[in-house]
Amino acid sequence: MAAVRITRRSLLLAALAAAGVARAAEDDGNAEYQVKAAFVCKFGNYVDWPVQALGATGEPFRIGVLASSAVMDEFRRTAVAASVAGHPVEVKRLVRGEAPEGLHVIFVSRVMSAQAGEVMAAMHGRPVLTVTELDPGGAAGMINFVVVDDKVRFDVLLASATQSGLKISARLLGVARRVEGR
Amino acid sequence: MFRLSLQRRMLAVTMLTTLVALFVALGAMVAYDLRAYHQGWVSDLQTQAELLGRSTAPALEFDDHKVASENLALLRLQPKIRAAALYGADGDRFASYVATASNAALPPRVEAVGVRRSGGDLVVVQAIMQDGRLIGSVHLLAEYALYDRVLSYLGIAAAVAVVALGVAMLLSLRLQRAVVQPILAISDVARDVMQRQDYSRRAPKATQDEVGTLADSFNGMLGEIERRTQEVLLLNEELEARVRDRTAQLEASNEDLRLATAAAEKANRAKSEFLSSMSHELRTPLNAIIGFGQLLGGDVGEAKPERRREFVEHIVGAGKHLLTLINEILNLARIEAGHVELSLEPVLLDEVLAGCRQMIEPMAAQRGIVTQFRPSGGCVALADRMRLKQVLLNLVSNAIKYNRPGGSVQVSCSSPQPQQVRIEVRDTGRGLQPEQVQALFQPFNRLGQEAGPEQGTGIGLVVTQRLVELMGGQIGAHSTPGEGSVFWVDLRTSELPALPHAETDWGALPPMAGPREGEPPATVLYVEDNPASRKLVEELLRGRHDLRLLSATDGRAGLEMAFAERPDVILMDNNMPTMSGREAQSLLKLDPRTAHIPVIALTANAMPDAAASSLAAGYFRYLTKPLQPALLMDALDSALRMTRARRDPGSDG
């Protein structure tokens with residue numbers, strides 16, 4: 000599983016970093032976003048989508064990514080092998096100001112956190128799973144990545160998901176670090 | 000034994016059947032159950048693995064070891080699962096769980112999907128799929144309690160078998176009584192019958208099935224045996240009775256035989272005694288004859304004529320006595336041999352007594368004895384006239400002979416009992432001692448008179464007794480020593496009247512024929528081998544001048560001489576060499592030249608049957624030796640008369 004391998008590698012890298020060896024920030028970021036991209040591609044499987052949201056069979060499950068190109072590449076690589084409820088995964092780079100239509104998931108990377116509030120506001124009430132990597136509080140998405148002990152974990156904000164008409168599976172909640180609004 | 004054996008066998012059958020049924024049933028149940036257990040357990044574990052896979056799928060997907068471990072830890076609620084592990088999609092172990100108090104080892108790498116056994120455990124490895132993708136594997140290691148189960152089933156089976164067998168045994172014991180009881184009853188009866196031999200026992204018939212039939216057949220057989228036993232017993236009894244009868248008969252015949260043997264021995268002894276006595280009696284007169292004969296032969300020249308005459312008288316007397324003796328012995332022998340024929344008829348006693356008196360008077364008068372014959376009063380006895388006369392003559396002559404000088408003899412008749420007449424002869428002799436009376440009727444017993452003056456044979460009384468007994472009478476004597484004796488004869492009386500009897504004059508002989516004048520002497524041929532006998536006859540006929548005597552010494556010579564000389568009369572001895580008298584006579588009779596010649600037998604054979612048969616064979620007369628001259632002359636004269644009459648039919652015959 001790519002995610003795990005990535006995690007391992009990230010753990011290794013993290014260990015190296017802790018040992019004081021200077022490493023490029025990009026590499027570090029790549030390992031972390033490998034895991035996060037895999038997670039994001041899998042989240043779709045643990046959400047009860049409204050009937051019309053996924054569309055007909057064969058239609059792509061679209062993930063909008065608001066991040067750097069490197070992250071974007073990582074997402075693209077991961078999406079090739081992923082699928083959600085039988086639909087192929089399609090990753091789309093969000094451009095600022097462009098109305099994100101037909102998306103099922105929107106990921107806002109930490110780098111783009113400034114735009115997070117804007118995106119959240121735009122998606123509010125729509126059945127789109129929002130994933131952020133913000134510090135606690137602020138304009139976090141329904142699922143918010145955190146790194147605990149060099150491991151990628153996530154929190155779930157049930158209230159905003161419920162408001163959007165999405166039902167996050169209890170199984171996903173079982174592996175979340177924290178579930179708010181339960 | 001039979002009871003135990005049969006019951007045991009039935010019990011064994013029941014037990015075995017029960018056991019087999021039990022094992023088959025239990026085996027089937029256990030097999031089914033074990034299979035169901037296996038399938039159920041495998042299915043359970045697969046479900047468990049599926050559930051576990053489902054629940055741990057997010058932990059795997061989102062790389063959450065903690066949650067995965069927590070999920071696995073829930074398995075503690077299922078103690079039969081001893082260990083479990085999750086493996087990631089790359090095959091490395093992701094999380095694991097090992098039950099407390101279990102040391103199960105989990106493989107570090109994922110194993111092939113499937114169900115298998117490992118030692119006493121069951122291992123189920125199942126893939127975890129998420130949306131068609133393999134995201135990991137579940138590895139469950141659970142107790143596989145099949146062997147325990149088998150063991151516990153065996154325990155249960157054993158317990159059930161014990162209980163079932165116990166119940167079956169009780170039931171069988173209870174039920175087989177119904178089946179076995181009738182058979183046992185029959186067997187009891189059979190044993191009883193064998194031990195007591197009591198065939199009247201019968202087996203009870205309790206049921207109508209085969210056992211009932213058996214009882215019926217058995218009873219039938221017993222009945223048959225009983226019947227046959229009865230028959231055998233009856234036959235045995237009959238046989239025993241017959242054996243008893245036969246034994247009794249045998250004993251009786253043995254007794255008869257013993258008596259007969261005793262009688263025969265007695266008779267033999269008596270005969271021996273008789274023979275020795277007779278020999279003695281015969282020697283006595285022979286002694287006198289030979290002795291005086293030798294005296295005469297030796298002293299012819301010297302002795303006086305008186306002494307020679309005395310010697311001759313002694314010889315003649317002894318010869319006469321010998322003749323009497325032989326005659327009486329023959330008489331007795333005839334009586335003993337049963338050759339005496341009696342003709343019993345009513346006899347008037349007075350007639351017989353008169354005849355006796357007439358014959359005895361001269362003798363009595365010669366001795367000076369008074370005889371007294373008392374009339375019987377018309378008594379009629381059933382007797383042989385001649386024999387009765389002989390008996391009375393014997394008794395009366397004895398009474399005269401052994402009387403005392405000047406004594407008397409009294410003869411009387413009486414009737415002591417009806418149908419019986421008694422004749423008593425009483426003398427006045429010396430009388431007899433009682434032991435002498437007992438020995439009276441034994442042969443040759445002369446009761447001390449052997450040396451007496453009277454000659455006697457000692458046979459007369461024996462003959463008398465036999466004659467009386469033959470006539471159905473009895474004879475006896477009683478005596479008083481010094482006074483005299485009484486001899487009595489008892490005879491039966493006769494109802495029929497006696498016929499008057501014309502007395503035959505036996506004693507009177509026809510006058511001797513004298514020589515006839517003018518006739519040639521008649522020829523007499525005497526055939527005799529003994530020269531003494533020939534000499535005697537020559538001497539006797541010497542005085543007969545009308546006779547010419549020829550002699551031949553045996554039968555053949557006699558025959559030739561008879562053919563040659565044609566004699567008028569032939570005198571023929573019997574026992575001769577070359578040819579016997581009988582043969583010669585029969586040959587003469589066959590030849591026409593000699594058939595007419597009268598042949599007079601002159602033989603020593605004095606037996607009456609010989610005489611009768613000879614007369615029947617054609618002899619003219621039968622004369623016995625010793626020769627009585629008068630009888631010889633009479634016979635010769637009769638023969639000559641017959642010859643002349645045949646020769647001259649016209650003359651007087």
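Residue numbers (numbering that gives the first Met the number 0), protein chains in the order written: chain X, 0 to 181; chain L, 0 to 652. No residue lacks a Cβ here, since even glycine has one placed at the ideal position from N, Cα and C.
Of all Cβ atoms in chain X, is any one closer than 7 Å to the Cβ of residue i?
{"i": "L:Pro57", "result": "yes"}
{"i": "L:Val66", "result": "yes"}
{"i": "L:Phe22", "result": "no"}
{"i": "L:Glu49", "result": "no"}
{"i": "L:Asp63", "result": "yes"}
{"i": "L:Leu153", "result": "no"}
Can a CB atom of chain L be found closer than 7 Å to the CB of residue i?
{"i": "X:Arg177", "result": "no"}
{"i": "X:Val186", "result": "There is no way to answer for residue 186 of chain X, as the model of chain X reaches only from 0 to 181."}
{"i": "X:Leu171", "result": "yes"}
{"i": "X:Arg76", "result": "no"}
Give the interface partners of residue i over in chain L, defined as CB-CB distance under 9 Å, in chain order.
{"i": "X:Tyr32", "result": "Within 9 Å Cβ-Cβ: nothing; X:Tyr32 doesn't reach chain L, min ~15 Å."}
{"i": "X:Ser82", "result": "Asp130, Gly131 and Arg132"}
Would you mind telling me which residues of chain L sit closer than 7 Å to residue i, beta carbon to beta carbon, in chain order?
{"i": "X:Val174", "result": "Pro57, Ala58, Phe61, Asp63 and Val66"}
{"i": "X:Arg181", "result": "None at all; the shortest Cβ gap to chain L is about 17 Å."}
Tell me the residue span of the alpha helix (DSSP H) that contains residue i.
{"i": "L:Lys319", "result": "Pro304 to Glu335"}
{"i": "L:Gln180", "result": "Leu145 to Arg195"}
{"i": "L:Arg646", "result": "Pro628 to Arg646"}
{"i": "L:Ser271", "result": "Glu209 to Gly297"}
{"i": "L:Pro433", "result": "Pro433 to Gln437"}
{"i": "L:Ile399", "result": "Arg384 to Lys400"}
{"i": "L:Ala202", "result": "Note, L:Ala202: premise wrong, no alpha helix (DSSP H); not H, not E."}
{"i": "X:Phe74", "result": "Ser68 to Ala80"}
{"i": "L:Leu535", "result": "Pro530 to Leu540"}
{"i": "X:Thr161", "result": "Leu157 to Gln162"}
{"i": "L:His64", "result": "His64 to Ala72"}
{"i": "X:Lys91", "result": "Note, X:Lys91: premise wrong, no alpha helix (DSSP H); beta strand (DSSP E) at His86 to Arg92."}
{"i": "L:Leu586", "result": "Gly580 to Leu589"}
{"i": "L:Pro361", "result": "Leu348 to Arg366"}
For the beta strand (DSSP E) containing residue i, name the first residue and the last one.
{"i": "L:Tyr525", "result": "Ala521 to Val526"}
{"i": "X:Asn143", "result": "Ile142 to Val147"}
{"i": "L:Pro417", "result": "That residue, L:Pro417, is in no beta strand (DSSP E); it is neither H nor E in DSSP."}
{"i": "L:Leu139", "result": "Arg132 to Glu142"}
{"i": "L:Gly471", "result": "Element bounds for L:Gly471: n/a, residue is neither H nor E."}
{"i": "X:Val174", "result": "That residue, X:Val174, is in no beta strand (DSSP E); its alpha helix (DSSP H) goes Ala169 to Val174."}
{"i": "L:Pro338", "result": "Position check: residue 338 of chain L holds His in this sequence, whereas Pro was assumed. From DSSP, L:His338 is part of no beta strand (DSSP E); its letter is neither H nor E."}
{"i": "X:Ala120", "result": "Not the beta strand (DSSP E): X:Ala120 falls in the alpha helix (DSSP H), residues Ala115 to Met122."}
{"i": "L:Ser95", "result": "Arg92 to Val97"}
{"i": "L:Ala561", "result": "L:Ala561 -> not in any beta strand (DSSP E); alpha helix (DSSP H) instead, spanning Gly554 to Glu564."}
Determine which residues of the segment 110 to 130 of chain L have a Cβ less than 8 Å from any Cβ of chain X, and write them out in chain order.
Gln129 and Asp130
Exercise. Quick one, which residues of the segment 30 to 58 of chain X are near chain L if we go by CB-CB under 7 Å, in chain order?
Worked result: Phe38, Lys41, Asn44 and Tyr45
Q) Is there contact here, the segment 114 to 124 of chain L with the segment 14 to 32 of chain L, by at least three beta-carbon pairs under 8 Å? A) no
Using 8 Å as the threshold, is the segment 158 to 166 of chain X in touch with the segment 110 to 125 of chain X, meaning 3 or more CB pairs across them? yes
**Request:** Could you say if the segment 459 to 477 of chain L and the segment 398 to 407 of chain L meet the contact criterion of at least three C-beta pairs nearer than 8 Å?
**Result:** no
Next on the checklist: Across the segment 308 to 322 of chain L and the segment 347 to 354 of chain L, are there enough close Cβ pairs to call them in contact, namely three or more that are closer than 8 Å?
Outcome noted: no
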